[in-house]
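Down below is the structure, laid out as structure tokens.
Chains as they are written, first to last, in my numbering: chain A, 46 to 354; chain B, 61 to 347.
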């Protein structure tokens, strides 16, 4: 059985196409799948459809072989962690969790046990009596995760969960998600930062401008980045020395001289960085700074769309 | 900071047939009781109710004490006829404070969820739109009704205590005024729910409600003047709530007749509940 199945599912907001016809399948069993794409790529639209908030304009969305839109059988099996804060300030976290558990049909002893258990999983047992206004962003994120875990979902959906978190909170959240995935919970995480998703999972769905561009592993994405010419600004006192050294590099595509250095366009940047490091370490080349101008996910997406075009 | 991730517990027993309406309604009641303005309205209602009770007691003294005969004659001139007196238990001063209260409290019911973007979370649980709206309506209709109830029942109980069932002619007042209170609550609840669903925050919701009440009263006044017919005041929800108690108590000359009041009430309730329904669709819940 599949956890998520999309068959040419698309969504329109009036005349605007939020998500082009998309087809993919995520099999049952634990694990983490990353939804990767820049802002406006259609990740949140996809999450809204999967979590039963929106009905697809065409095609079919199935969760556990049933359509999720306003379907209590499906909604009882998913946990949603939406982006950003979703709390009434001034309220205590434990009371809020009890209400959310009640909405899932939990009551009495089962509700109390679920709240305690979810708080333990997210490491907030001793701080759940605090009001949301007294909590840090990381603590609120943990409570958001706890509310999604109350009814022990089979599918956990997180929309941009790392936004605004410091590195410690990010690491802690990643650790929690990995443990949940080991417990046979399928975790779906959306993010616009490749590095975050790469630390968490190897399975990625790449979205761009409402289209599913690619489905694969982080390694494959990195290879795409290697194929794509990347612009790097090298700042140095001697621009000519930089240019003389760079022209010997076989994957150099273009060079643009500047007053304090040069902008190089190179393929296979990871290989280039190794050679640059050796040259600087051996004293062959002297540079002040290195600034990758377009070595980000957006550039890869642009490159992919050009390829697909 | 070490984070421990114990093994997930077995899936708890969940009864999906349990209605979440009461869960959300209980949460909203707790939320309302936390508001400081609740105390303010408590004092206001207490004072208004006290004045009404004193009037009844004085009326009783005037009727029973012969030494106050002259005063009684004077009071008879200034005291209203029984139907008006019954209707005045839900008079405009009390209804003014009630409108103010529902604008503040009910206005926040949906708009607060919009402000804190809570609806997607609610709808990601097995909660239907009907459940969500019903829980809000329960509070929106229930608060004004519960506030009006003591204004009807306490004076009535005192009248029974001091004069017996053969005493005041308005001994059956609750039978007339409770339906009026239900109608008033329905008008107040539906309008405040609709306005709350349109607003992005409780403050904006208050603005919507006050603006709506003032604009509709002004429009009603203008149309009444232009067409020289006071029935046009039925456009105003404030005038409607003031009208129902008078109509049901049988006041002979009411400002707005029964038919315009009934039609306008129906239109207001349907329109604002429709708006609230449209604005709380799951697709309106922005992630």
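Where is the CB? At the ideal position from N, CA and C, for every residue including glycine.
Any residues in the stretch 91 to 116 of chain A with a beta carbon nearer than 9 Å to a beta carbon of chain B? Which ones, in chain order? Within the stretch 91 to 116 of chain A, the residues whose Cβ lies closer than 9 Å to some Cβ of chain B are 92, 93, 96, 97, 98, 99, 100, 114, 115 and 116, listed in chain order.
When DSSP labels each residue in this structure, what does residue 319(A) get in the three-state scheme? In the structure shown, residue 319(A) falls within a helical segment according to DSSP collapsed to helix, strand and coil.
Check whether the Cβ of residue 86(A) lies closer than 8 Å to any Cβ atom in chain B. So no, residue 86(A) is outside the interface.
Along chain A, which residues have their Cβ under 8 Å away from the Cβ of residue 181(B)? Simply 125, 127, 131, 145 and 192.
Please check the pair residue 189(A) and residue 131(A), which I expect to be a contact at CB under 8 Å, by giving their CB distance rounded to whole angstroms. Going by Cβ atoms, the distance from residue 189(A) to residue 131(A) rounds to 7 Å, so yes, they are a contact pair.
Give a yes or no on whether 8 Å exceeds the smallest Cβ distance from residue 121(A) to chain B. At least one C-beta of chain B is nearer than 8 Å to the C-beta of residue 121(A).
Leaving out five residues before and five after residue 71(A) in sequence, what residues of the same chain have Cβ atoms less than 7 Å from its Cβ? 47, 48, 49, 78 and 231.
Taking C-beta to C-beta, are residue 160(B) and residue 240(B) nearer than 8 Å? No. Outside cutoff.
Go to residue 276(A), then tell me how far its beta strand (DSSP E) extends in each direction, as first and last residue. Run containing residue 276(A): 275 to 280, per the beta strand (DSSP E) assignment.
So the candidates are 255(A), 203(A), 173(A) and 228(A); which of them puts its Cα closest to the Cα of residue 242(A)? Ranking the options by Cα distance to residue 242(A), first place goes to 203(A).
Tell me whether the stretch 121 to 136 of chain A and the stretch 173 to 185 of chain B touch, counting them as touching only if at least three CB pairs, one residue from each stretch, are closer than 8 Å. By the criterion of at least three beta-carbon pairs nearer than 8 Å, the stretch 121 to 136 of chain A is in contact with the stretch 173 to 185 of chain B.
For residue 135(B), which three-state DSSP category applies? For residue 135(B), the pLDDT reaches just 47, beneath the cut-off of 50, and the residue's location in the model is therefore unreliable, although a value from the coordinates is still provided. Here DSSP, grouped into helix, strand and coil, assigns residue 135(B) to helix.
Contact list for residue 79(A) against chain B, beta-carbon separation under 7 Å: Neighbours of residue 79(A) in chain B, taken as residues whose beta carbon is under 7 Å from its own, are absent, since the nearest beta carbon is some 18 Å off.
Unbroken beta strand (DSSP E) run spanning residue 44(A), endpoints: No information on residue 44(A) is available, as it lies outside the stretch 46 to 354 that chain A covers here.
For residue 357(A), count neighbouring Cβ atoms within 10 angstroms of its own Cβ and tell me buried if that reaches 16, exposed if not. Outside the displayed range of chain A (46 to 354) lies residue 357(A), so it cannot be described from this structure.
Under 8 Å, with one C-beta from each stretch per pair, do the stretch 98 to 109 of chain A and the stretch 55 to 71 of chain A reach the 3-pair mark? These segments touch.
In chain order, what residues of the stretch 184 to 207 of chain B put their CB closer than 7 Å to some CB of chain A? Going along the stretch 184 to 207 of chain B in chain order, one finds 184, 185, 186, 187 and 188 with a Cβ nearer than 7 Å to chain A.
Between residue 150(A) and chain B, is any beta-carbon pair separated by less than 8 Å? The beta-carbon of residue 150(A) is placed less than 8 Å from the nearest beta-carbon of chain B.
Just verifying my parser: in three-state terms, what is the DSSP assignment at residue 145(A)? Correct three-state label for residue 145(A): helix.
Residue 311(B) - DSSP class collapsed to helix/strand/coil: The DSSP-derived three-state label of residue 311(B) is coil.
With a threshold of 8 Å between beta-carbons, can residue 165(B) be considered close to chain A, or not? Contacts with chain A at 8 Å (Cβ-Cβ) do not include residue 165(B).
Identify whether residue 264(B) lies in helix, strand or coil by the three-state DSSP scheme. Of the three classes helix, strand and coil, the one that applies to residue 264(B) here is helix, per DSSP.
First and last residue of the uninterrupted beta strand (DSSP E) at residue 70(A): First-last of the beta strand (DSSP E) with residue 70(A): 61 to 72.
Let's see if you can read the secondary structure: which residues bound the alpha helix (DSSP H) around residue 93(A)? Run containing residue 93(A): 88 to 95, per the alpha helix (DSSP H) assignment.
Run the CB neighbour count on residue 63(A), radius 10 Å, all protein chains shown included, and call it buried at 16 or more, exposed below. Label assigned to residue 63(A): buried.
Mark residue 25(B) as exposed unless 16 or more other C-beta atoms lie within 10 angstroms of its C-beta, in which case mark it buried. Coverage of chain B is limited to positions 61 through 347, which leaves residue 25(B) absent and any answer about it impossible.
Is residue 178(B) close to chain A, meaning its C-beta is less than 8 Å from at least one C-beta of that chain? Yes, residue 178(B) lies at the interface with chain A (some Cβ there is under 8 Å from its Cβ).
Report, in whole angstroms, the separation of the C-beta atoms of residue 159(A) and residue 151(A), which I expect to be a contact under 8 Å. Indeed they touch by this definition, with Cβ atoms about 5 Å apart.
So with Cβ pairs under 8 Å, would you call residue 80(B) a contact of chain A? Interface flag for residue 80(B) against chain A is set, since a Cβ pair is found closer than 8 Å.
With DSSP collapsed to three states, give me the class of residue 152(B). Helix, per DSSP.
Scan the stretch 254 to 266 of chain B for residues whose Cβ lies nearer than 9 Å to a Cβ of chain A and list them as they occur along the chain. Taking 9 Å as the cut-off between beta carbons, none of the residues of the stretch 254 to 266 of chain B comes near chain A.
Endpoints, alpha helix (DSSP H) assigned at residue 123(A): First-last for residue 123(A): 123 to 126, but that is the beta strand (DSSP E), not the alpha helix (DSSP H).
Simplified DSSP state of residue 190(B), which is helix, strand or coil: Helix.
Quick one: grab the DSSP three-state call for residue 141(B). Unreliable placement is indicated for residue 141(B), whose pLDDT of 44 sits below 50; the coordinate value is still reported in the next sentence. In the structure shown, residue 141(B) sits in coil (DSSP, three-state: anything other than H, G, I, E or B).
Span separating the alpha-carbon of residue 309(B) from that of residue 177(A): If you take the alpha carbons of residue 309(B) and residue 177(A), they lie about 49 Å apart.
Using the rule of at least 16 other Cβ atoms within 10 Å of the residue's Cβ for burial, across every protein chain shown, is residue 170(B) buried or exposed? With 16 or more other Cβ atoms inside 10 Å of its own Cβ, residue 170(B) counts as buried.
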